[in-house]
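2 protein chains.
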Amino acid sequence: MNVKSNAQPKVDMAEKLVYSFGDGSAEGKANMKNLLGGKGANLAEMCALGLPVPPGFTITTEVCTAYYAGNKKLPGVLETQVKMALSQVEKKAGCVFGDGANPLLVSVRSGARASMPGMMDTVLNLGLNDITVKALAKNTGNERFAYDSYRRFIQMYSDVVLGLDHYHFEDMLQQKKSDHDIELDTGLTADDLKDLVSQYKEKVQEELKKPFPENVHEQLWGAIRAVFDSWMNPRAQTYRKLHDIPAAWGTAVTVQSMVFGNMGDDCATGVAFTRNPSTGEKKYYGEFLINAQGEDVVAGIRTPQTLADMPQVMPQVYKQLTGVFDRLEAHYRDMQDIEFTIQNNKLWMLQTRNGKRTAAAAVKAAVDMVKERLIDKKEAIRRIDPLSLDQLLHPTLDPDAKKTVLATGLPASPGAASGKVVFTAEAAEIMGLEHKEKVILVRIETSPEDIHGMHAAQGILTARGGMTSHAAVVARGMGKPCVSGAGTLAIDYAKKELKVVQHTIREGDIITINGSTGEVMLGEIPTVQPALSGDFETLMSWADDTRTLKIRTNAETPMDAEAAKRFGAEGIGLCRTEHMFFDGERITAMREMIVAKDTAGRKQALAKLLPMQREDFIQLFTIMKGLPVTIRLLDPPLHEFLPHTEEDIKQVAKSAGVSAELVRQRAHELKEQNPMLGHRGCRLGITYPEIYEMQAQAIFEAAAEVMDPSPSRRGWREAPGDGGASGNALAPAPFPKGEGFKVIPEIMIPLVMVPKELELLRSLVDRVAAEVMRKTGAQISYLVGTMIELPRSCLRAGDIVPFAEFFSFGTNDLTQTTLGISRDDSASFIEIYRQKGIVEHDPFVTLDQSGVGELIQIAVERGRKARPGLKVGICGEHGGDPASIRFCQKAGLDYVSCSPYRVPVARLAAAQAALEK
Amino acid sequence: MNVKSNAQPKVDMAEKLVYSFGDGSAEGKANMKNLLGGKGANLAEMCALGLPVPPGFTITTEVCTAYYAGNKKLPGVLETQVKMALSQVEKKAGCVFGDGANPLLVSVRSGARASMPGMMDTVLNLGLNDITVKALAKNTGNERFAYDSYRRFIQMYSDVVLGLDHYHFEDMLQQKKSDHDIELDTGLTADDLKDLVSQYKEKVQEELKKPFPENVHEQLWGAIRAVFDSWMNPRAQTYRKLHDIPAAWGTAVTVQSMVFGNMGDDCATGVAFTRNPSTGEKKYYGEFLINAQGEDVVAGIRTPQTLADMPQVMPQVYKQLTGVFDRLEAHYRDMQDIEFTIQNNKLWMLQTRNGKRTAAAAVKAAVDMVKERLIDKKEAIRRIDPLSLDQLLHPTLDPDAKKTVLATGLPASPGAASGKVVFTAEAAEIMGLEHKEKVILVRIETSPEDIHGMHAAQGILTARGGMTSHAAVVARGMGKPCVSGAGTLAIDYAKKELKVVQHTIREGDIITINGSTGEVMLGEIPTVQPALSGDFETLMSWADDTRTLKIRTNAETPMDAEAAKRFGAEGIGLCRTEHMFFDGERITAMREMIVAKDTAGRKQALAKLLPMQREDFIQLFTIMKGLPVTIRLLDPPLHEFLPHTEEDIKQVAKSAGVSAELVRQRAHELKEQNPMLGHRGCRLGITYPEIYEMQAQAIFEAAAEVMDPSPSRRGWREAPGDGGASGNALAPAPFPKGEGFKVIPEIMIPLVMVPKELELLRSLVDRVAAEVMRKTGAQISYLVGTMIELPRSCLRAGDIVPFAEFFSFGTNDLTQTTLGISRDDSASFIEIYRQKGIVEHDPFVTLDQSGVGELIQIAVERGRKARPGLKVGICGEHGGDPASIRFCQKAGLDYVSCSPYRVPVARLAAAQAALEK
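Same order as they appear, the protein sequences are chains A and B. Residues are numbered in this note's numbering as their position in the first sequence, beginning at 1, plus a constant of 80. Residues are numbered in this note's numbering as their position in the second sequence, beginning at 1, plus a constant of 80.
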């Protein structure tokens with residue numbers, strides 16, 4: 081009855097578990113990161129390059145995996161292999177581990193495949209005991225140094241390996257300093273330190289009821305185990321979860337002979353980048369500290385000098401160091417992040433790795449390196465994380481500013497913004513547009529009715545909702561910062577205040593949100609405006625030359641369309657017409673339509689919407705100037721448009737000429753248990769054909785207008801009060817070639833479930849098209865297609881495609897139906913699912929390839945079988961997600977469509993996907 | 081851009097469009113119903129059998145189809161073929177159409193593939209004009225008869241063909257009778273009738289500005305077209321929609337020489353069944369009327385005699401007639417519904433067809449015919465409509481009772497019931513259980529909280545919700561009548577009244593509902609109780625011997641389980657544990673659990689539920705006595721259990737020891753946009769494992785109990801207050817073989833989306849099982865499986881199946897997700913979809929085979945590939961639908977599970993499906 085799922089990895093007895101390096105040769109290489117971790121692999125590589133690296137060896141990550149699989153037992157053969165490796169280190173270093181005359185001291189460090197800075201444990205100066213410390217003192221001629229090292233070792237080892245909290249030792253150190261009335265550790269003499277060493281050891285005996293280990297081999301194995309153990313400590317686990325690092329990867333352990341930057345003024349320790357990691361500028365960048373160990377730099381007691389000072393202080397070493405920089409960058413063909421130590425004027429390399437950098441630096445460095453012929457364009461494209469481009473498009477917080485973080489929500493739409501808190505869309509509009517103040521709209525959650533307020537605000541903050549909540553999606557579309565789902569905020573609309581921890585924020589108080597991190601901060605934090613550099617344009621042009629997927633945008637407002645075009649969109653892939661109905665008088669006409677008693681009443685209300693809708697499309701067509709524009713006919717359930725407040729209800733009743741009671745009743749009738757699966761999409765087009773008729777008419781009349789904008793051609797203006805396509809009996813003269821330009825509207829019917837729906841609705845569209853063409857004399861080419869959003873329509877794609885000239889996958893809804901997860905409600909469990917490893921990613925952010933993806937593949941295959949060359953795209957939120965774009969490339973799609981600010985991300989991701997092929 | 085979808089059927093010029101019959105031979109046959117309609121095919125068959133049938137011919141249904149496809153033009157070759165056929169009729173009848181001396185008169189009748197009684201038009205006595213009427217008078221020696229026939233013909237033809245409403249003629253007839261002060265038509269003399277004929281003809285001239293056609297060929301073609309036209313009249317369209325008859329079938333037209341039952345006292349007309357159509361008894365059954373035409377029987381002016389009188393009145397003809405009955409029944413091997421006319425002591429057969437019958441009659445006749453060796457068992461099984469068996473299981477309304485229909489809703493759960501109207505579940509309980517009154521629970525819609533009220537009521541009536549709404553599903557489960565979605569009812573809970581048309585029904589007023597028809601009636605209508613006959617058992621036993629699918633039931637109460645077992649269920653396929661939590665103190669404990677602050681609080685509340693839940697399972701296991709019982713762990717979102725009224729909120733707060741504010745807040749937190757796609761199913765098991773732990777513990781402890789009911793063995797009773805499975809350190813003695821019996825619980829994890837969910841939860845179940853076994857010493861065998869309800873889990877079945885010992889398709893939810901339709905919200909458009917032909921059936925009633933069905937097939941295939949022999953069933957509402965059962969058989973499922981009252985339906989449908997294979 082039991083099912084075993086986790087195969088237990090075992091270590092082969094004959095397997096090589098330990099890799100040595102030092103003295104110009106190494107058993108490992110840079111490309112063995114999976115086995116040796118980043119640190120171990122790069123140390124080996126540097127050794128092989130002949131760079132000065134203290135000798136050592138690396139125990140592989142497979143040992144770590146075996147350690148956890150085998151109930152924390154280390155493989156038996158490890159001991160032998162470590163012994164052999166250690167004796168090689170002794171040979172290379174010319175000293176012996178635990179030797180009373182010439183002792184070898186080592187560091188024991190972690191090193192995983194991916195960098196996890198500071199998450200795991202390290203032990204330095206290992207190999208010291210009461211005997212070897214004396215030899216160290218003698219050999220270095222520096223007793224104070226030797227006992228300081230010993231003191232540090234006991235403290236670190238006791239903390240990391242023996243589990244004795246370091247405050248025990250800090251207290252004693254502090255006591256010693258105050259006894260002598262000194263402030264800095266450096267004021268302590270060798271005798272003070274000797275005394276501290278014996279106090280420390282007594283403390284260990286007292287707390288653990290056993291002495292501090294004098295046996296250096298016992299010390300070594302204790303430290304190795306401790307490093308492996310630290311792979312599973314809570315902070316490492318959290319870090320891995322945040323960075324999608326599997327626990328199965330494990331860490332390697334590198335044991336390396338110690339070098340000392342704190343043996344005198346001809347010693348130093350430092351870190352450096354081969355280029356500026358903030359800007360990408362080709363200039364050495366880093367800092368160093370004379371007579372210090374790495375931990376002193378971290379402790380921040382002394383301020384390090386910048387690398388620019390080094391030529392004065394240590395000219396010889398500086399020359400050697402920059403030579404190493406150049407060598408490493410040429411070798412790795414990437415900017416390096418380097419750690420080094422100088423011991424008695426001798427340079428030792430302790431680490432090199434590809435340097436982390438800002439998006440701006442990444443772009444500049446990549447473009448520069450192509451110019452320098454260090455890498456080719458393909459490599460430049462591959463090197464940039466597409467998602468990081470977002471940083472370049474939005475204002476960012478000044479990294480040096482101080483901040484008080486009130487809460488952390490989800491980073492729902494990138495960028496930072498400050499402004500006065502408002503709690504309603506109306507207040508946002510009044511303060512934002514009329515009083516010209518910067519505001520942050522704070523809502524428990526937003527709805528389509530809040531859109532005008534979102535437009536007026538600098539940023540949006542919600543207490544509820546995920547990365548794909550209404551607030552998040554709309555804000556990303558607008559390119560405005562948004563933090564969603566900040567659950568600790570207690571928002572009280574009535575009192576117009578927001579409580580969080582001990583703070584109470586009232587309307588008008590200023591806050592700052594960072595939509596890239598999810599942070600909500602008190603007061604105004606200065607921001608830095610981005611500037612798109614020429615390097616960015618260069619990189620994008622390379623991406624455009626490389627990719628095969630077209631990139632369109634999801635946009636319905638002129639502002640969004642213009643932004644998207646600026647960012648390189650090649651058309652609109654999704655214009656959600658419903659978003660056009662929430663503003664001002666439109667919402668009233670829309671509501672009138674919904675509460676109308678019959679078709680005639682609905683038509684009357686729709687006639688009011690027609691000219692506004694037509695103007696919308698004229699604007700969009702004009703902005704996109706000949707690029708394809710895909711327009712989705714009305715999709716959401718009607719009740720989304722209905723009024724909630726008594727005042728609004730009365731207004732609608734008055735304007736529609738019905739009783740308030742009727743409006744309330746209609747609202748009640750339209751209420752649904754599961755609106756996502758309710759009376760929406762083309763179901764509305766079937767039951768209320770007049771709505772789609774009006775929309776089709778507006779589209780075709782707009783197309784006619786932009787094709788020839790001369791006023792006399794406008795068929796609909798010739799017949800005053802003519803709200804319908806029919807009724808104008810005078811056939812106009814043939815449509816001439818005017819100053820306009822051609823548009824080919826792509827009309828998209830949403831939520832098709834069975835072929836017949838599309839058959840009926842496309843004949844409706846064809847009929848309206850014919851009427852408009854007759855009336856205006858224009859010849860309009862257009863496509864009719866469908867949004868594939870249901871598992872059934874994927875399966876029946878072959879039956880649907882006879883009526884569809886294109887498919888566009890609405891992957892938001894397709895994910896909801898395929899997985900049976902409501903986007904609005906998943907927040908309550910999806911995070912627990914991620915924590916428990918049940919799902920890797922939020923399926924609304926990254927496409928579920930093995931579920932939703934298979935359905936997409938089925939639909940593409942069956943659709944193209946019945947209609948070869950069918951145009952296929954995707955227009956869900958996934959259209960801007962690199963992993964999902966990679967899938968779209970593989971699935972053979974023609975284009976992806978994403979929110980305007982994701983267009984550059986998509987362009988780059990599509991280029992990377994094309995390179996993978 | 082246009083897509084043509086409807087191929088236009090054309091008639092091949094060389095095709096045979098007309099089939100003749102008469103005088104012992106025929107071109108058609110009984111199996112040509114599709115071409116000749118039921119009437120035409122059976123007339124041909126009777127001819128070929130040598131029975132006395134007036135000669136005639138049938139124009140095929142293909143002509144009808146061509147007529148509509150070709151803009152109501154008849155194919156050119158038809159005229160020639162009709163001419164030839166008519167001349168054959170003349171030859172056989174020995175008279176000539178339109179002849180002044182010996183005229184042929186004909187009837188022109190419709191006849192579709194399926195019987196559509198009274199829906200289309202008929203013309204009799206065609207061929208009469210001012211000349212032929214005289215010949216008819218002379219040849220029959222009955223002038224009155226001839227002119228009466230002529231009068232009838234003009235009236236009928238004018239109505240049917242010329243579109244002149246028959247009241248014009250009725251008025252004149254009435255006037256004539258009152259002029260002569262007579263009451264019956266028979267009082268009119270030949271001269272009166274002659275006068276009427278000329279008045280009729282004047283009326284035609286006056287109204288239509290042209291004379292009544294004297295040309296008999298013009299008459300004939302007019303009638304043929306009129307019959308074709310009547311295929312599309314509104315009442316025929318409505319009938320087709322109600323009976324799922326495609327418009328494309330078309331009707332045939334049969335032209336047949338007239339015979340007269342009204343030429344004197346040696347004439348008669350009659351209808352008969354070869355067996356009793358109400359009871360199935362093998363006894364001739366019918367009635368006849370001397371000296372009358374068919375329409376006189378319909379008019380109901382004279383009371384017909386029963387067939388039992390005929391031996392006295394017409395002994396010779398009776399003998400001949402019963403000979404024909406026997407011949408026809410032997411030939412068709414089924415009960416026949418026969419029309420005949422006797423003209424001057426000569427018998428003529430006008431129609432035979434398989435007789436409509438009640439379910440009881442169908443069963444008896446089928447079983448009898450097997451005994452008579454007329455048919456075999458397979459045929460008997462095939463002959464019964466499985467859905468009709470429902471009639472046998474529920475009380476039915478007395479068909480003779482008078483009734484005032486207030487409204488018509490959906491026939492949601494069959495059977496009839498009367499009772500006092502109550503508007504709340506509480507009132508139902510008080511009046512129904514305490515006062516022992518019959519009540520009908522009337523709600524706008526029901527929710528799980530109403531279940532106790534539904535139990536207490538005789539029947540349920542709702543204003544909202546479809547055939548698969550909560551009310552409908554639960555009522556069918558309980559076997560109680562239910563009418564749902566009676567939208568015209570205006571229910572006012574506050575006033576405790578219900579308004580419909582001009583009636584106001586108050587609490588306590590009596591109504592009757594008929595869940596088989598959807599009717600809601602005023603007052604109490606007498607009902608007839610059904611009795612399951614021995615024939616029923618016989619038929620069922622044949623079905624059981626034939627079928628390969630197992631039939632289980634969906635049941636959670638002892639009452640349901642017992643009913644299902646009585647009806648032949650072979651186990652429980654779906655025990656919805658959540659239904660067990662709504663009663664009395666359980667709901668309070670459940671609510672306590674939901675509002676608890678932490679895991680400890682939840683466990684405390686769950687400990688209260690444990691003994692009750694254990695008792696539930698003990699009862700179910702005991703009833704099912706060794707048959708499999710599949711238990712679904714908690715499935716619905718938690719907010720379904722939360723209190724709505726302030727009083728309930730306070731009670732929960734008190735009992736849980738929290739503030740009312742907290743309860744309200746928790747309810748608000750749990751509210752979801754789309755609960756169907758929300759935090760439910762195994763998502764609850766993942767986030768609140770303690771719930772599933774409690775349920776698993778209850779199941780295993782119950783299993784241990786029934787396996788050995790000796791009190792000393794009950795581990796959980798030994799440790800008082802021990803709410804958990806652990807905590808009892810004393811290992812009991814090995815479990816002995818007691819007086820109990822073995823049960824193998826099948827534990828079903830709902831709504832699995834990814835394999836990991838099932839992996840985690842089955843290990844939870846395994847752990848609890850081990851604990852219970854350790855504590856009780858019992859060895860319990862059990863299965864763990866999953867409900868497949870999401871498209872994703874169908875696609876990933878191969879990955880899920882390593883953790884599942886069985887699959888059960890939850891086709892309700894799978895339909896919702898695959899089609900993107902909420903069961904609760906589909907009513908607003910699904911009816912329009914049916915009307916427009918977009919969907920054929922409600923997909924919640926009959927499985928959508930090409931969408932949901934393909935996913936099921938994929939899941940079965942992938943599941944069995946990875947785990948050969950995997951047990952697979954279905955437990956949605958579709959489990960009781962014959963068409964869906966046929967699909968399940970084809971898809972290779974092992975069992976279907978349906979509501980208790982559907983079990984006999986499923987047994988028979990499964991047998992039919994097995995026979996189809």
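C-beta atoms are modelled at their ideal positions from N, C-alpha and C, and glycine is treated no differently.
Closer than 7 Å to chain B by CB, residue i
| i | result |
| --- | --- |
| S902(A) | yes |
| D905(A) | yes |
| M200(A) | no |
| K84(A) | Because the pLDDT of K84(A) is 40, which lies under 50, any placement of that residue in the model is unreliable, and the question is left without a value. |
| K970(A) | no |
One or two residues paired with residue i in a DSSP bridge
| i | result |
| --- | --- |
| D417(A) | F353(A) and R433(A) |
| I591(B) | G499(B) and L602(B) |
| N999(A) | Residue 999(A) lies beyond the residue range present for chain A, which begins at 81 and ends at 997; the question has no answer from this structure. |
Backbone CA spacing between residue i and residue j [nearest angstrom]
| i | j | result |
| --- | --- | --- |
| F821(A) | I880(A) | 32 Å |
| S979(A) | K951(A) | 20 Å |
| C968(B) | Y913(A) | 34 Å |
| G104(A) | E294(A) | 33 Å |
| D893(B) | T359(A) | 54 Å |
Test: residue i CB closer than 7 Å to a CB of chain A
| i | result |
| --- | --- |
| E934(B) | yes |
| E837(B) | yes |
| G758(B) | yes |
| G949(B) | no |
| S979(B) | no |
| S498(B) | no |
Residue i: first and last residue of the uninterrupted beta strand (DSSP E) it sits in
| i | result |
| --- | --- |
| M867(A) | L863 to I868 |
| I520(A) | V519 to R523 |
Q | Segments assigned alpha helix (DSSP H), at least 4 residues, entirely inside the region 365–390 of chain A | A | 374–379
Q) Which whole runs of the alpha helix (DSSP H) in the region 729–775 of chain B are 4 residues long or more, in chain order? A) 740–750 and 762–767
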